[in-house]
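There are 2 protein chains.
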Amino acid sequence: MRILLQLTYNGANFQGFQIQNEGRTVQYELERILKRMHRDFVRIHPSSRTDKGVHALCQYVHFDTHLKLTPDKWQHAFNSALPDDIYITAVREIPETFHSRYDCIGKAYRYKIYQAPHRDVMKTGLETWYPYDLDLVKMNEAAQAFLGTHDFTSFCSAKTEIDNKERTIYSFTVTKTRDGYDFHVIGSGFLYNMVRIMVQHLLDIGQGRRQDDTTALLAARDRKKAGKTAPAEGLYLEKIYLTPEELAEDIPPGTKIITKNTPKSLTTAPGML
Amino acid sequence: MRILLQLTYNGANFQGFQIQNEGRTVQYELERILKRMHRDFVRIHPSSRTDKGVHALCQYVHFDTHLKLTPDKWQHAFNSALPDDIYITAVREIPETFHSRYDCIGKAYRYKIYQAPHRDVMKTGLETWYPYDLDLVKMNEAAQAFLGTHDFTSFCSAKTEIDNKERTIYSFTVTKTRDGYDFHVIGSGFLYNMVRIMVQHLLDIGQGRRQDDTTALLAARDRKKAGKTAPAEGLYLEKIYLTPEELAEDIPPGTKIITKNTPKSLTTAPGML
Numbered sequence: 001m002r003i004l005l006q007l008t009y010n011g012a013n014f015q016g017f018q019i020q021n022e023g024r025t026v027q028y029e030l031e032r033i034l035k036r037m038h039r040d041f042v043r044i045h046p047s048s049r050t051d052k053g054v055h056a057l058c059q060y061v062h063f064d065t066h067l068k069l070t071p072d073k074w075q076h077a078f079n080s081a082l083p084d085d086i087y088i089t090a091v092r093e094i095p096e097t098f099h100s101r102y103d104c105i106g107k108a109y110r111y112k113i114y115q116a117p118h119r120d121v122m123k124t125g126l127e128t129w130y131p132y133d134l135d136l137v138k139m140n141e142a143a144q145a146f147l148g149t150h151d152f153t154s155f156c157s158a159k160t161e162i163d164n165k166e167r168t169i170y171s172f173t174v175t176k177t178r179d180g181y182d183f184h185v186i187g188s189g190f191l192y193n194m195v196r197i198m199v200q201h202l203l204d205i206g207q208g209r210r211q212d213d214t215t216a217l218l219a220a221r222d223r224k225k226a227g228k229t230a231p232a233e234g235l236y237l238e239k240i241y242l243t244p245e246e247l248a249e250d251i252p253p254g255t256k257i258i259t260k261n262t263p264k265s266l267t268t269a270p271g272m273l
Numbered sequence: 001m002r003i004l005l006q007l008t009y010n011g012a013n014f015q016g017f018q019i020q021n022e023g024r025t026v027q028y029e030l031e032r033i034l035k036r037m038h039r040d041f042v043r044i045h046p047s048s049r050t051d052k053g054v055h056a057l058c059q060y061v062h063f064d065t066h067l068k069l070t071p072d073k074w075q076h077a078f079n080s081a082l083p084d085d086i087y088i089t090a091v092r093e094i095p096e097t098f099h100s101r102y103d104c105i106g107k108a109y110r111y112k113i114y115q116a117p118h119r120d121v122m123k124t125g126l127e128t129w130y131p132y133d134l135d136l137v138k139m140n141e142a143a144q145a146f147l148g149t150h151d152f153t154s155f156c157s158a159k160t161e162i163d164n165k166e167r168t169i170y171s172f173t174v175t176k177t178r179d180g181y182d183f184h185v186i187g188s189g190f191l192y193n194m195v196r197i198m199v200q201h202l203l204d205i206g207q208g209r210r211q212d213d214t215t216a217l218l219a220a221r222d223r224k225k226a227g228k229t230a231p232a233e234g235l236y237l238e239k240i241y242l243t244p245e246e247l248a249e250d251i252p253p254g255t256k257i258i259t260k261n262t263p264k265s266l267t268t269a270p271g272m273l
């Protein structure tokens, strides 16, 4: 049977989601527990592979198993064996036609910056320090140019290996928080470093270091013309949308939802949260 | 000349303040920078040696140097070379008769717990998860029994090597926060694990697992009669008092202040914050 885990992790002390030759990874921690339970290697499949230092408020992984455990027992088995910076928030059995990556139709990311005269060591790894004056209106105006379907070649790492760089952004807002700003973006999917490059672009505009050339930059399809990549520490994978219903709830009414792979199995199944 | 640094650090990824054979320590990070600047070893002296995992919102260290740098230059030299989880908040030159440890006349600690149905991975290393109902009134009542001068043998680690276990508590309050409780204690000084044992004692009382036997426990002078030691992650060294004036501001008016070592040099010098 196929099991879907919903989990959250603090990325500060991980080398990212995916197993590496060296250093802690979320995948290693999960597969280590499954191996012990199955006395055999069991591969997990995530909805998204987050980078080094990136956090997840909601991530999904699935795996196939012959063990007959209830969702509660799975959750307890994981949470009692996982380190303090990973936590399984929900577990359910899913049809074997469902795949956590291919059936993901959208994702939401949040990027957090704080402003203070000096670095706050208690926020190290959790938020990015950005002590410059920012224009909230300008940042929100520029963010609107990302909405819709575009080729994001200018806004992804030059190392991106995927060919199709077209993605759809459904919503992009910047809001003032108690001591900084939150950047919140929902899209069909995101290329390598895409959120962090878009955020730095908006920061450069908000700081007045750059005119709003977002539309021209999208058209240029040239990574070198965009700015730097914001640090990983402020980035949170906030939500993963497995059904159009869930996604529709979080984006403006009437927005057309792109579903490359029509969700086969979960269209009528509500999210787990 | 003698230089005093005021610093803050996030203890989550340190093996404590003091240099160890293995693992990151705050002392190592500071002395590493001084060694590079002086081309020679320079010893630093902290006001307090915090344990593994314990944070500092305000810590002091002093060292002697022949280098003639302004306070601003010292601060910049350290902050540009220190890792992200240590930050120098102020620097000043002090008389060579002043010693950051011997001239410390009081300390304030804060202990943070949060309550939630499940562990919050973003608070890992920063606050202690304590998902049980607590009685705020009972905890504050019990905390009052700690006020004044007592032998704290029952409330310090059995491994404590110091002979005189008499300490004075000036203030001890428990307050409700947005999603948990803060324990705030000010005293003349604290023995090994003393704050964490006192906090766990109050948690046990607040949870109804223990009757308020604080006064009897103090009289018993037996560590085995008290409860467990709360985890390090929720503990913050919040303030260090170098002058009676600073301390008097934070404790009830008229409280008698104990000054074993009469502050020789800083009585008229205000705190650096």
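Heads up: the sequence lines are chains A and B, in that order. Each residue of the first sequence is one higher than the last, beginning at 1 in full-length UniProt numbering. Each residue of the second sequence is one higher than the last, beginning at 1 in full-length UniProt numbering. For every residue, glycine included, the Cβ atom is placed at its ideal position computed from N, Cα and C.
So what's residue i in DSSP terms, helix, strand or just coil?
| i | result |
| --- | --- |
| F172/A | strand |
| P263/A | Its pLDDT being 48, under 50, P263/A is placed unreliably by the model, and nothing is read from it. |
| G16/A | coil |
| R32/B | helix |
| E166/B | strand |
| T268/B | Model confidence at T268/B stands at a pLDDT of 42, short of 50, so the residue's coordinates are unreliable and nothing is read from them. |
| D182/B | strand |
| T128/B | strand |
| K256/A | coil |
| L273/B | Residue placement at L273/B is poorly supported in this model, since its pLDDT is 43, which falls under 50; the coordinates still yield a value, given next. Three-state DSSP puts L273/B in coil, outside helix and strand. |
| D133/A | coil |
Quick one: give me the first and last residue of the beta strand (DSSP E) that residue i is part of.
| i | result |
| --- | --- |
| T8/A | 2-9 |
| A108/B | 106-114 |
| G148/A | 148-151 |
| I44/A | From DSSP, I44/A is part of no beta strand (DSSP E); its letter is neither H nor E. |
| R92/B | 86-94 |
| K239/A | 235-241 |
| V195/B | Taken as a continuous stretch (DSSP letters only), V195/B belongs to no beta strand (DSSP E), being part of the alpha helix (DSSP H) at 194-206. |
| Q59/A | 55-64 |
Name the chain E residues whose beta carbon is nearer than 8 Å to that of residue i?
| i | result |
| --- | --- |
| N10/A | The displayed structure is made up of protein chains A and B, and chain E is not among them. |
I want to verify the contact list: residues of chain A whose CB lies under 9 Å from the CB of residue i, in sequence order.
| i | result |
| --- | --- |
| H55/B | V121, M122 |
Tell whether a beta-carbon distance below 8 Å holds between residue i and residue j.
| i | j | result |
| --- | --- | --- |
| E29/A | I44/A | no |
| L237/A | A56/A | yes |
| V42/A | K35/A | yes |
| Y87/B | T8/B | yes |
| A143/B | T173/B | yes |
| D182/B | R110/B | yes |
| G148/B | E233/B | no |
| L203/A | H150/A | no |
| A230/B | R209/B | no |
| F152/B | M194/B | yes |
| F17/A | P46/A | yes |
| G254/A | G187/A | no |
What span of residues does the alpha helix (DSSP H) with residue i cover, start to end?
| i | result |
| --- | --- |
| A219/B | 214-220 |
| T244/A | Residue identity check: residue 244/A is Pro in the sequence provided, not Thr. Taken as a continuous stretch (DSSP letters only), the alpha helix (DSSP H) holding P244/A covers 244-250. |
| M122/A | No alpha helix (DSSP H) holds M122/A; DSSP gives it neither H nor E. |
| F78/B | 71-81 |
| Q144/A | 136-144 |
*What residues from the segment 110-131 of chain B come within 7 Å of chain A, judged by C-beta to C-beta, listed N to C?*
If the cut-off is 7 Å between Cβ atoms, the segment 110-131 of chain B has H118, R119, V121, M122, T124, L126 near chain A.
*Residues in the segment 79-98 of chain A with C-beta within 7 Å of chain B's C-beta atoms, listed in sequence order?*
For the segment 79-98 of chain A, the residues whose beta carbon sits under 7 Å from a beta carbon of chain B are, in order, D84, D85, I86, Y87, T89.
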